[in-house]
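Asker: Sharing a structure, written as structure tokens. Questions coming.
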Amino acid sequence: MSETDHYRRESMGAFAHEIRTPLTSIRMVIELAKRLGSGDQAVLDAELSAMLNASIDDLQRLADDLQEIRAWNVGRWRWAGGRATWQRPWRPRVSWLAPACR
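Each residue of the sequence shown is one higher than the one before, starting from 1 at the first, in my numbering.
In structure tokens form, the structure reads like this:
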């Protein structure tokens with residue numbers, strides 16, 4: 001593995017960590033704002049709260065994906081033993097795409 005590859009992989013992991021850290025704080029602020037409001041005087045509107053939480057979920061998935069890619073590239077993931085075919089994991093997606101390919 002080249003030095004460039006090493007730094008690229010390490011930076012992916014650091015980036016994922018740096019995304020995840022403020023997301024936790026933002027979630028806590030949203031939850032506190034919802035709890036502080038009462039009835040019509042809610043501090044945080046339910047629709048805005050849902051939108052913010054959806055955005056946070058998207059960023060959380062991005063961070064998770066980046067860490068999974070990094071783990072795969074670093075070699076922390078190992079294939080499980082046993083017989084496997086390429087068809088088995090892709091079968092649900094292939095059957096879904098099949099009508100469009102015909």
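For glycine and all other residues, C-beta sits at the position ideal for the given N, C-alpha and C.
I'd like to know whether the C-beta atoms of MET12 and ARG61 end up nearer to each other than 8 Å.
Answerer: no
Asker: Whole angstroms is fine: what's the gap from HIS6's alpha carbon to ALA33's?
Answerer: 42 Å
Asker: Specify the secondary structure class of SER2 as computed by DSSP and reduced to three states.
Answerer: Secondary structure at SER2: coil, using DSSP grouped into helix, strand and coil.
Asker: Can you say whether ALA50 is buried or exposed, counting buried as having 16 or more other CB atoms within 10 angstroms of its CB?
Answerer: exposed
Asker: How about ALA16 and ALA46: do their beta carbons lie closer than 8 Å?
Answerer: no
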